[in-house]
Amino acid sequence: MKEKVIVVIPARGGSKGVPKKNIKSFLGKPLVQHSIDYAKQSHYVKEIIVTTDDKKIKNLSKELNVSVIDRPESLSGDKATTESAIEHVIESKNIQDESIIVLLQPTSPIRPKKSLDKILEKFFKENFDSLLTLSPIHPLTWKINDKPKCMYDYLNRPRRQDFQDKDLIYDENGSVYVFKVKIFNKSINRLGGNIGFYIFDEEYGKQIDTPLDFKVLEAIGNYLNEADDE
Numbered sequence: 013m014k015e016k017v018i019v020v021i022p023a024r025g026g027s028k029g030v031p032k033k034n035i036k037s038f039l040g041k042p043l044v045q046h047s048i049d050y051a052k053q054s055h056y057v058k059e060i061i062v063t064t065d066d067k068k069i070k071n072l073s074k075e076l077n078v079s080v081i082d083r084p085e086s087l088s089g090d091k092a093t094t095e096s097a098i099e100h101v102i103e104s105k106n107i108q109d110e111s112i113i114v115l116l117q118p119t120s121p122i123r124p125k126k127s128l129d130k131i132l133e134k135f136f137k138e139n140f141d142s143l144l145t146l147s148p149i150h151p152l153t154w155k156i157n158d159k160p161k162c163m164y165d166y167l168n169r170p171r172r173q174d175f176q177d178k179d180l181i182y183d184e185n186g187s188v189y190v191f192k193v194k195i196f197n198k199s200i201n202r203l204g205g206n207i208g209f210y211i212f213d214e215e216y217g218k219q220i221d222t223p224l225d226f227k228v229l230e231a232i233g234n235y236l237n238e239a240d241d242e
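Residue numbering for the sequence shown follows the numbering used here, beginning at 13 and increasing consecutively.
Put into structure tokens, the structure is as follows:
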């Protein structure tokens with residue numbers, strides 16, 4: 013790969029749902045470290061950048077030998093977007109259009125081991141402009157608005173065990189995004205151009221937004237670790 017691959021990890025100090033979430037211990041180490049360690053598994057990543065407004069996260073990142081960008085207060089509030097943080101990183105580091113950014117969100121700490129290189133290989137092989145990870149969910153879903161709509165044929169209700177891959181719908185799990193910087197700069201959006209996807213199994217498709225999520229994902233992580241040890 014001639015393009016420079018750069019991982020960006022946005023890690024604010026504040027969080028409404030789980031206070032100090034990104035530095036909180038998860039499966040024995042700070043939450044943000046799981047994304048840093050995942051990035052370090054890749055043979056293609058040339059630089060890892062953590063963008064943060066938090067001193068503890070900054071110090072941890074430096075201890076782990078990754079680059080740090082001081083995120084300004086204007087980009088650190090609850091209403092600040094991830095895109096604004098990425099744009100700030102691109103400008104601060106003068107990242108060129110030819111580069112590739114991998115966005116890893118700390119709120120998705122459980123990812124298949126060493127999957128990042130497989131994701132990047134698919135991205136380059138199929139010449140995508142951007143790519144995201146998805147996870148399957150069962151299609152027994154409804155849309156609730158002025159007129160509720162069932163998204164499956166309830167008159168011929170299928171059994172869950174009868175679903176085939178073609179019947180599934182997929183959730184944007186927020187775990188990994190890959191995109192060309194030149195595509196991002198056109199619309200200040202992580203997705204654009206020729207969009208690809210990479211499927212994570214359902215157990216890897218959860219995010220931490222609440223204290224309950226934190227407990228549930230720790231249980232999933234412990235289960236997966238025990239399965240690896242067997």
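A virtual CB, placed ideally from N, CA and C, is assigned to each residue, including glycine.
Starting from residue i and walking both ways along the beta strand (DSSP E), at which residues does that stretch end?
i, result
"Phe191", "Ile181 to Lys192"
"Glu59", "Val57 to Thr64"
"Val30", "Val30 -> no beta strand (DSSP E), and no H or E assigned at all."
"Pro118", "Note, Pro118: premise wrong, no beta strand (DSSP E); not H, not E."
"Ile21", "Val17 to Pro22"
"Ile122", "Segment: none, Ile122 is in no beta strand (DSSP E) and carries neither H nor E."
"Pro148", "Ser142 to Ile149"
Return the first residue and the last residue of the alpha helix (DSSP H) that residue i is part of.
i, result
"Asp49", "Leu43 to Lys52"
"Phe209", "Where Phe209 is concerned, there is no enclosing alpha helix (DSSP H), although the beta strand (DSSP E) it sits in stretches over Ile207 to Ile211."
In three-state terms, what does DSSP make of residue i?
i, result
"Val228", "helix"
"Pro223", "helix"
"Phe136", "helix"
"Leu128", "helix"
"Leu72", "helix"
"Ile113", "strand"
"Ile195", "helix"
Under 6 Å Cβ to Cβ from residue i, same chain only, skipping five residues before and after it: list those, please.
i, result
"Ser47", "Ile21, Leu116 and Pro118"
"Ala23", "Asn34, Val44, Val62, Thr64, Ile69 and Pro118"
"Val190", "Val114, Phe135 and Leu143"
"Leu76", "Ile48"
CB-CB under 8 Å to residue i, same chain, minus the five flanking residues each way: which ones, in chain order?
i, result
"Leu72", "Ile35, Pro42, Val44 and Gln45"
"Pro160", "Trp154"
"Pro223", "Gly29 and Val30"
"Ala175", "According to the sequence shown, residue 175 is Phe rather than Ala. These residues qualify, in order along the chain: His150 and Pro151."
"Asn185", "Ser120, Thr145, Leu146, Ser147, Phe212, Tyr216, Gly217, Lys218 and Gln219"
Run through the DSSP bridge pairs and tell me what residue i is partnered with.
i, result
"Lys161", "Lys155"
"Phe175", "Paired residue(s): none; Phe175 is not in a bridge."
Using a Cβ-Cβ cutoff of less than 7 Å, which residues in the same chain neighbour residue i once the five nearest sequence positions on both sides are dropped?
i, result
"Met163", "Pro151, Thr153, Trp154 and Lys155"
"Ile195", "Asp141, Ser142, Gly204 and Gly205"
For residue i, is the beta carbon positioned less than 8 Å from some heavy atom of the ligand SAH?
i, result
"Asn106", "Within the structure as shown, the ligand SAH is missing, as the structure has no ligands at all."
- Task: Jot down the residue ranges of each uninterrupted beta strand (DSSP E) in the segment 74–104, minimum 3 residues, whole runs only, in chain order.
- Result: Correct list: 79–82.
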